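Take the sequence shown: its letter number 555 is residue 862 in the working numbering, and every next letter is one higher.
Read through the structure below, which is laid out as structure tokens, and then see the notes.
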Amino acid sequence: MTSQVSSPAEQADEASDALVGGQRDPQSAAGSTGGKEVRRLDRVIIRFAGDSGDGMQLTGDRFTSETASFGNDLSTLPNFPAEIRAPAGTLPGVSSFQLHFADHDILTPGDAPNVLVAMNPAALKANIADVPRGAEIIVNTDEFTKRPMAKVGYETSPLEDGSLEAYNVHPVPLTTLTIEALKGFELSRKEAGRSKNMFALGLLSWMYHRPTEGTEAFLRAKFAKKPQIAEANVAAFRAGWNFGETTEDFAVSYEVAPASQAFPTGTYRNISGNLALSYGLIAAGRQADLPVYLGSYPITPASDILHELSRHKNFGVRTFQAEDEIAGIGAALGAAFGGSLAVTTTSGPGVALKSETIGLAVSLELPLLIIDIQRGGPSTGLPTKTEQADLLQAMYGRNGEAPVPIVAPRTPADCFDAALDAARIALTYRTPVFLLSDGYLANGSEPWRIPELDQLPDLRVQFAGGPNHELADGTEVFWPYKRDPQTLARPWAVPGTPGLEHRIGGIEKQDGTGNISYDPANHDFMVRTRQAKVDGIEVPDLEVDDLAEARTLVLGWGSTYGPITAAVRRLRAAGRPIAQAHLRHINPFPRNLGEVLKRYDKVVVPEMNLGQLATLIRAKYLVDAHSYTQVNGMPFKAEQLATALEEAIDA
């Protein structure tokens, strides 16, 4: 959904103490309407949690869509099991969706929920440790019976034994109320009970004054072929809203104003990282005037890109779901040889399988985008959890000297721009390019300003044999490895073009002619030339945010941007000087990176791995970079990073 907003304002600090129902806006006063108190807040963090079959992702997504249409800034964190249908009522089967929305600029899904909606005992037990004292907890009491509680280790009911006294608990029989609301729909109790997530959504929509029209339209469209089911879900949604309006259990509702002052003027929509990346690839194809070809094999959390691109044949996109990872990248490399903007998508295990063909692309010097949506490893690891542990694999995970540029987006919306940037590098320098996103960015969402067409880069390329192209040095023999003196890129010759016949393959090429060569001197020259081509890629200088001549620099890459920036804001609000810089380009590094690092007494590198960027920084710049690492499958929390960075400053 899209919305129009007005001029920008200064970024607001995310630091404030926990408050029941959310974070209070100190400049606003509480009011009342319809006999119930209405409190105005500046931000709220809500987490929906239940079984993987309870529809928590759909519930969170709908609440997010309505919040986006209302004009709040937002950030989300879906969290779900790896199993398609984990055992019901168990801790491994808990699925959750966290949403942070505010009337100002925010950066993360939030450290701890102000509101937890727990659909069963497992959801409560799996999430209660994250809930601060005084927060709201809405529990589905219908599920708190002896067997479900025993399944997760509750010997007594937490709703009765006093263990939840520190929280504002709302016991609501969500299943019973939903079944009662759907009596006239000729549904079985089981079928009617499935709509309890819509009842909960209606209740939260009332509680936080969210729009409802979009959700009702969505339900009718989703179940267009089953109108009775559609109307039943709408009825459950409305029943939840009315329950909040009429029951005495909820005496307070909350308002969070639109964040119209946080954004530049423009048209915005809510977007996830994978969707933004897909749109970026489509835009790159249009700006390059090339067909987009995706050769891919489904793998979590990258499959959404394949699904999305398959819908856009009208934009010249062709998708191929291959039988395995090797076939996927092989088809994509063939498409690159044929003159397409070629893409392959995967996660860490797939990168391992694709490594030989990536090396072939390095040797052939053809443009190819390798999209790696990183997840927890090794091996199958944590398929639905996030990690940044593929950096060294992308950097060095091929035989021989096979350098590949690396680009890393920082936010879900930034995935659009990162895709365009990766395409620019691949097309300009005739090289495969890694784009390293991760599960946190891929599944998370935030508002995205839809760019104007004239703001997009011109990515058009000139194929060999086009106007003003010299075929060879005074002869009519095509030299496929005669390089552009500035970029060191070789000509891109489309097969079938008369006079441009040439040999390709994985054996080393002779400089210029492209013939097979085993000459040691030639091999040395070609290896160094391919490295020089990557080293010479034009990337912007690294920008440093340093307001007070700090002595400590926090350096990040990829999805750590949000938590790092939120932590830096907290420290600065407390009067602690700290500088911040964030890398998009990791190979090659920005040319001024070494100079930047030398300005500071201490460099701290937070990463969701065991220190891979820090290893590269130490090796290249001989800087004693200090690692702060986490590999638990979850993104950093701002408070956690703020504490670690404060200790670094003091040390």
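Yeah, the Cβ is synthetic: ideal placement off N, Cα and C, and Gly gets one too.
Here the structure is a predicted model, which means the values were calculated and not measured.
The secondary-structure analysis by DSSP pairs residue 936 across a beta bridge with 914. Per the coordinates, the alpha-carbon of residue 551 lies some 14 Å from the alpha-carbon of residue 447.
Exclusion of the five residues before and after residue 796 leaves 736 and 737 as the residues of its chain whose Cβ lies within less than 6 Å of its Cβ. Pairing residue 915 with residue 693 gives a Cβ-Cβ distance under 8 Å.
Here residue 742 is not near residue 768, since their CB atoms are 8 Å or more apart. Unbroken alpha helix (DSSP H) stretches of 4 residues or longer found wholly inside the region 549-613: 580-595, given in chain order. Ranking 613, 367, 350 and 849 by CA distance to the CA of residue 679 puts 613 first. Cβ neighbours of residue 460 within its own chain (closer than 8 Å, five residues either side excluded): 432. Ranked by how close their Cα comes to the Cα of residue 936, the residues 696, 345 and 655 have 696 in first place.
Between residue 604 and residue 629, the C-beta spacing is below 8 Å. Per DSSP, reduced to three states, the secondary structure at residue 822 is coil, with no helix or strand assignment.
Under the DSSP assignment, residue 462 falls outside any beta strand (DSSP E); it carries neither an H nor an E label.
The shortest CA-to-CA distance from residue 655 to any of 670, 617 and 608 is the one to 608. Residue 364 sits in a helix when the DSSP states are folded into three classes.
With contact defined as three or more Cβ pairs closer than 8 Å, the region 698-708 and the region 801-814 are not in contact.
Going by DSSP, residue 508 is part of the alpha helix (DSSP H) stretching over 503-514. Judged by their CB atoms, residue 509 and residue 547 are nearer to each other than the 8 Å cut-off.
When the Cα atoms are used, residue 484 and residue 521 turn out to be separated by approximately 23 Å. A straight-line Cα-Cα distance of about 23 Å links residue 362 and residue 942. Under the 10 Å beta carbon count, residue 497 is surrounded by fewer than 16 other beta carbons and is classified as exposed.
By the neighbour-count criterion, in which a residue is buried when 16 or more other Cβ atoms sit within 10 angstroms of its Cβ, residue 757 is exposed. Distance between residue 824 and residue 817, taken at the CA atoms: about 5 Å. For residue 445, the closest alpha carbon among the candidates 651, 421, 452 and 458 is that of 421. Within the region 656-716, the complete alpha helix (DSSP H) segments at least 4 residues long are 698-703, listed from N- to C-terminus. Scanning its chain for C-beta atoms nearer than 7 Å, with the 5 sequence neighbours on each side dropped, one finds around residue 953 the residues 878 and 883, in chain order.
Bridge pairing for residue 755: 576 [DSSP].
No Cβ-Cβ contact shorter than 8 Å links residue 402 with residue 416.
Among the bridge pairs identified by DSSP, residue 628 is matched with 603. Around residue 848, the same chain offers 897 and 899 as residues with beta carbons nearer than 6 Å, after the five sequence neighbours per side are excluded. Taking all protein chains in view, the Cβ of residue 534 is surrounded by fewer than 16 other Cβ atoms within 10 Å, so the residue is classified as exposed. Pairing residue 716 with residue 753 gives a Cβ-Cβ distance that is not under 8 Å.
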